Ligand code: RIB
Ligand code: CA
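As structure tokens, then:
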């Protein structure tokens, strides 16, 4: 599978990068980063640090520094000042892709067929790429996003962060006609990095498990403070897991409408209705044990 990962690292995005970089089923064409969990200068540096630390050698492009229309929304209270607090990376020479994030998406799509675009942050880069070069549509097999929810939101009762941070970009992507898999909070809140998960991964004693444990200890602290959760939901890697193993995440065909009215209390809601002719496969269930088995296997690969 040829994948472009568009992300806003972000602790859970970092593990999605780790997973995508370790799977022999994935050819990671590139990483584009976006403003989301933190400002784009920080999310870019974080993506670069994680990829370099793990020896994942792919182009990394700095993408949009703000949403298409609404004001910028970041999430420092969860991911810290750096956007990836909890681990001290070595100092690297930061050499980014020569063009911006949307252009990396365009370039890699036009160079390949059947590209899977995975987004784990606000969808600003992908929406911009689709508007800048509509020809890429025929090169994209599907969009797999972490975002939205078939039930409740997290930033508001109705809105999940990735959609709320740029509802207009999400609407452009959802209305593009490209096949979509939406992995929402209704599923990702089932994979909590509980203490027994941390200790299970700590025992692996690899470079990657050390990174995982240190990052998750910070992530769990802020998730407890903000959402009173006993373990942070490891949202973003569910996208990659759903691609590398087809017996972990269950999907149902639905129609999904994005509320783009900032004056509506349901602003940024992903309104889901079951429909066998729906244009979106929405995640509705996950095998939690199999999920952690796959995460563990990936952490073992980076000795
Ligand atoms: O709402 C969860 C999502 O918002 C995750 O992708 C997390 O990294 C943040 O971007
Ligand atoms: Ca994210």
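Residue numbers (the numbering used here): 64 to 366. All C-beta atoms, glycine included, are put in the ideal place defined by N, C-alpha and C. Here the structure is a predicted model, which means the values were calculated and not measured.
Check, Outcome
"Per DSSP, cross-strand counterpart(s) of residue 290", "In DSSP, residue 290 forms no bridge with anything."
"Helix, strand or coil at residue 177 [DSSP, three-state]", "coil"
"Distance CB(residue 69)-CB(residue 131) smaller than 8 Å", "no"
"Classification of residue 332 by the beta-carbon crowding that lies within 10 angstroms, buried from 16 upward", "buried"
"Residue from 125, 218, 287 and 111 whose Cα sits closest to the Cα of residue 138", "218"
"Cα-Cα separation between residue 222 and residue 323, rounded to whole angstroms", "11 Å"
"Pairwise C-alpha distance: residue 66 and residue 356", "22 Å"
"DSSP-derived helix/strand/coil call for residue 316", "strand"
"At least 3 beta-carbon pairs within less than 8 Å: the segment 266 to 284 vs the segment 312 to 328", "no"
"CA nearest to the CA of residue 108, picked from 161, 93, 347 and 124", "124"
"Completely contained alpha helix (DSSP H) runs for the segment 65 to 94, where each covers 4 or more residues", "74 to 85"
"Member of 82, 97, 176 and 347 whose CA lies at the smallest distance from the CA of residue 229", "97"
"Endpoints, beta strand (DSSP E) assigned at residue 141", "Element bounds for residue 141: not the beta strand (DSSP E) but the alpha helix (DSSP H), 139 to 142."
"Bounding residues of the beta strand (DSSP E) (the contiguous stretch that carries residue 97)", "Taken as a continuous stretch (DSSP letters only), residue 97 belongs to no beta strand (DSSP E), as it is neither H nor E."
"For residue 319 and residue 270, the rounded distance between their alpha carbons", "40 Å"
"Start and end residues, alpha helix (DSSP H) containing residue 356", "351 to 364"
"Boundaries (first-last residue) of the alpha helix (DSSP H) holding residue 107", "103 to 117"
"Cβ pair residue 146, residue 100 closer than 8 Å", "yes"
"Assigned exposure category for residue 155 - 16 Cβ within 10 Å defines buried", "exposed"
"Any heavy atom of ligand 1 nearer than 6 Å to the CB - residues listed", "71, 73, 75, 76, 99, 100, 183, 184, 209, 217, 223, 224, 225, 298 and 299"
"Assigned exposure category for residue 340 - 16 Cβ within 10 Å defines buried", "exposed"
"Backbone secondary structure at residue 348 - three-state DSSP", "strand"
"Cβ distance (whole Å) where residue 173 is taken to contact residue 239 below 8 Å", "At roughly 16 Å, the Cβ-Cβ gap does not stay under 8 Å, so residue 173 and residue 239 are not in contact."
"Distance between residue 181 and residue 346 (C-alpha atoms, nearest Å)", "15 Å"
"Local Cβ density within 10 Å of residue 114, reported as buried at 16 or more and exposed below that", "buried"
"Residue 293 burial status per 10 Å Cβ neighbour count (16 or more: buried)", "exposed"
"Same chain, Cβ closer than 6 Å to residue 6, neighbours up to 5 away in sequence not counted", "Residue 6 is absent from the model: the chain starts at 64 and stops at 366."
"Whole-angstrom distance between residue 330 and residue 366, CA atom to CA atom", "45 Å"
"Residue 296 and residue 251 closer than 8 Å at C-beta", "yes"
"CB-CB length for residue 167 against residue 122, believed under 8 Å", "6 Å"
"6 Å Cβ shell around residue 358 - same chain, five flanking residues per side excluded", "none"
"Minimum length 4: unbroken alpha helix (DSSP H) runs contained in the segment 251 to 314", "258 to 265, 270 to 290 and 300 to 307"
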